[in-house]
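Residue numbers (this note's numbering): 103 to 303. Just so it is clear, CB atoms sit at the ideal spot from N, CA and C, and this is done for glycine as well. Worksheet: the structure to be examined is printed underneath.
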């Protein structure tokens, strides 16, 4: 009789589509890491660790940082921003929204950034009044973290522009446990043309 493991390997090699146990969807890497409700808690946990790691580093740099901030759009829709950071001496405001998603293509990080801008830029007048920072001094950024353990250069560049150093970005990634992460320093320092930082062993 064929063992369960042998049957799995045989089915995989034969290209047989398997259902993911408990959700009846086709078991693909994209589904398991990016969409399955059974792994949603794990994705949320990684998201929260990325959010808290970024927030803590901004606090050390003199930013006034608030997490999970309720705000209202210009159309009176309720929103909740992951990170709202205020720099009082520079009179600047940031809305940062880290997101864990299954990697799709080289432009995904830019699309996530555009998506988050479309959600939160309409909240800037509300945030401007709440924190007493001029509307022209606000910036919204969506930060994509790959579900397979990759970090887009687009996301790296935003974090570096905020003054985060190589080893600090590394710590944020290591905090998002569940992956064996490895950083390529030359990409973070802009020494390579790669658009995506591969963090998998």
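Beta-carbon spacing of residue 171, residue 160 below 7 Å: no
Coil, strand or helix - residue 169 by DSSP: strand
Tell me the residue span of the beta strand (DSSP E) that contains residue 200. 194 to 203
For residue 226, collect the residues of the same chain with a Cβ closer than 6 Å to its Cβ; drop the 5 residues on either side in sequence, then sort them by chain order. 237 and 240
Going by the CB atoms, is the gap between residue 224 and residue 175 shorter than 7 Å? yes
Rounded C-beta distance between residue 218 and residue 195? I'm assuming under 8 Å. Actually they are not in contact, since the Cβ atoms of residue 218 and residue 195 sit about 15 Å apart, beyond 8 Å.
Give me the Cα-Cα distance between residue 305 and residue 251, rounded to the nearest whole angstrom. Nothing about residue 305 can be reported from this structure: the residues present for the chain run from 103 to 303 only.
Identify whether residue 248 lies in helix, strand or coil by the three-state DSSP scheme. strand
Thinking C-beta only, is residue 179 closer than 7 Å to residue 235? no
Tell me which residues share the same chain as residue 270 and place their Cβ nearer than 6 Å to its Cβ, disregarding the 5 neighbours each side in the sequence. 159
What residues in its chain sit with their C-beta under 8 Å from that of residue 210, if we drop five residues either side in the sequence? 203, 246 and 254
Tell me where the beta strand (DSSP E) around residue 188 begins and ends. 180 to 189
Give the secondary structure of residue 228 by DSSP, where H, G and I count as helix, E and B as strand, and everything else as coil. helix
Nearest residue (CA-CA) to residue 257, options 199, 221, 177 and 186: 199
N-terminal and C-terminal residue of the alpha helix (DSSP H) that residue 211 is part of: 210 to 222
First and last residue of the uninterrupted alpha helix (DSSP H) at residue 257: 255 to 263
Give me the residue from 163, 184, 221 and 205 with the minimum Cα distance to residue 177. 221
Once you ignore the five residues that flank residue 214 on each side, which residues in its own chain have a CB closer than 8 Å to its CB? 201, 203, 244, 245 and 246
Can you tell me the Cα-Cα spacing of residue 190 and residue 272, whole angstroms? 28 Å
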